[in-house]
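Student: Mind looking over this structure? Questions follow.
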Amino acid sequence: MEDGKMGNVATVRAVLAILQWWGFNVTVIIINKWIFQKLEFKFPLTVSCVHFICSSIGAYIAIKVLKVKPLIEVAPEDRWKRIFPMSFVFCINIVLGNISLRYIPVSFMQTIKSFTPATTVILQWLVWRKYFEWRIWASLIPIVGGILLTSVTELSFNMFGFCAAMVGCLATSTKTILAESLLHGYKFDSINTVYYMAPFATMILSIPAIVLEGSGVINWLYTYESTVPALVIIITSGVLAFCLNFSIFYVIHSTTAVTFNVAGNLKVAVAVLISWMIFRNPISAMNAVGCGITLVGCTFYGYVRHLISQQATSPSPRTPRSRLEMLPLVCEKQEKI
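For the sequence shown, the numbering used here gives the first residue as 120, with consecutive numbering after it.
Printed below as a string of structure tokens:
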């Protein structure tokens, strides 16, 4: 009886964790799209900078004031040798995501982001010469095929937005791979990661944002009618961006690896549906099929990874090459930022 109650509590906790993660994630995406499209604030660098500033402040309050998580001490030289390169790629990833949101619909952008597992495996194979068994490669076929079908049938296709989203996938994969090598020895959680990386990202992005978008932002402040409510929405998007990182930490520690993977792909479907209901961007039947194939492929990829990791941890007399070399560097429950 006691075990049953504990199991029910764990299930409820996992469901609530997933729901609040979905809520923050979808809300951030929709608000960012709203900022670019409805508020006519077409400055993705500035929006990204606001997110980094809010995340820096939020992480400082969470660790130093509220003491939600203990601070992981990092040597000063490691901050520049290890954290700074990751912050640079982290910055590129966020900026490209916001740039793509400006030019393409949320549904298309989210589908392209699902291409990240494929770019991670390909990068590791080409650059790091990692070996992957055939099941990993087979699981990438529906992902690649779904992306191709979605791109060909996208009614609101924009080449610049498409390229920004694709390069963003490469940046996400690079950040994941760098995290595995550069942060070796440091067991970062998502809050500590933001605590160290967000200030660096703010420093990296502030000058380009001022130089490239400063005059446009000033002109928008003078010409836009409802400036104060618009600024509240922009700052709110930054606060929610930090809350999203905190929610990821919660959901990772409340679910299993398979549940996390499936929930992540369902989250994309929820974001696509809600964005269509709000912005009414045209979606053809074949485009929806392509998106569905991609999400099924991502789920299959996560399942294959889980099976291989289970085999890697179980003792076996036969171990071709290294089991570790057969696994992507993406963690089973990678904390995304």
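Note that beta-carbon positions come from the ideal geometry of N, C-alpha and C, so glycine has one too.
In this text, all values refer to a predicted model and were calculated from it rather than measured experimentally.
Return the CA-CA distance between F398 and Q229, expressed in angstroms with no decimal places.
Tutor: For F398 and Q229, the distance between alpha carbons rounds to 15 Å.
Student: Identify, in the order they occur along the chain, each residue of the same chain with its Cβ nearer than 7 Å to the Cβ of P318, setting aside the five sequence neighbours on each side.
Tutor: Within the same chain, P318 has close Cβ partners S175.
Student: Classify P236: buried if its beta carbon has 16 or more other beta carbons within 10 angstroms, exposed otherwise.
Tutor: Looking at its Cβ environment, which holds 16 or more other Cβ atoms inside 10 Å, P236 is buried.
Student: Taking its Cβ as the centre, do 16 or more other Cβ atoms sit within 10 Å of G383, making it buried, or is it exposed?
Tutor: G383 is buried by the Cβ-count criterion.
Student: Is it the case that the Cβ atoms of I231 and A284 are separated by a distance below 7 Å?
Tutor: Yes, the pair counts as a contact, with Cβ atoms nearer than the cut-off.
Student: Can you tell me whether E451 is helix, strand or coil according to DSSP?
Tutor: Residue placement at E451 cannot be trusted, given a pLDDT of 40 that sits under 50; what the coordinates show is reported in the next sentence. Here E451 sits in coil by DSSP.
Student: Could you tell me the distance, in whole angstroms, from the CA atom of Y420 to the CA atom of V381?
Tutor: Their Cα atoms are separated by approximately 10 Å.
Student: Count the other CB atoms, across all protein chains shown, that sit within 10 Å of the CB of W140; report buried if there are 16 or more and exposed otherwise.
Tutor: Counting Cβ neighbours within 10 Å, W140 comes out buried, since at least 16 surround it.
Student: So is M205 buried or exposed if we call it buried at 16+ other beta carbons inside 10 Å?
Tutor: Buried, by the Cβ-count rule.
Student: Could you check if F162 is buried or exposed, using at least 16 other CB atoms within 10 Å of its CB as the buried criterion?
Tutor: Under this definition F162 is a buried residue.
Student: What do you reckon, are the CB atoms on S373 and R132 nearer than 7 Å?
Tutor: Closer than 7 Å, so yes.
Student: Cα separation between S275 and P224?
Tutor: Each residue's Cα considered, the two are about 7 Å apart.
Student: Taking the C-alpha atoms as reference points, what is the distance between I218 and N127?
Tutor: Each residue's alpha carbon lies about 42 Å from the other.
Student: Applying the 10 Å Cβ sphere with the 16-neighbour rule, what's the burial state of V147?
Tutor: V147 comes out buried.
Student: Per DSSP, what kind of secondary structure is D308 in: helix, strand or coil?
Tutor: Reduced to three states, the DSSP call for D308 is coil.
Student: Just how far apart, CA to CA, sit A257 and V145?
Tutor: The alpha-carbon atoms of A257 and V145 are separated by roughly 30 Å.
Student: Secondary structure at E252, three-state DSSP: helix, strand or coil?
Tutor: E252: coil per DSSP, three-state reduction.
Student: Going by CA-CA distance only, name the one from I326, S233 and F361 that's closest to C410.
Tutor: The option with the nearest alpha carbon to C410 is S233.
Student: By DSSP, does V246 sit in helix, in strand, or in coil?
Tutor: Here V246 sits in coil by DSSP.
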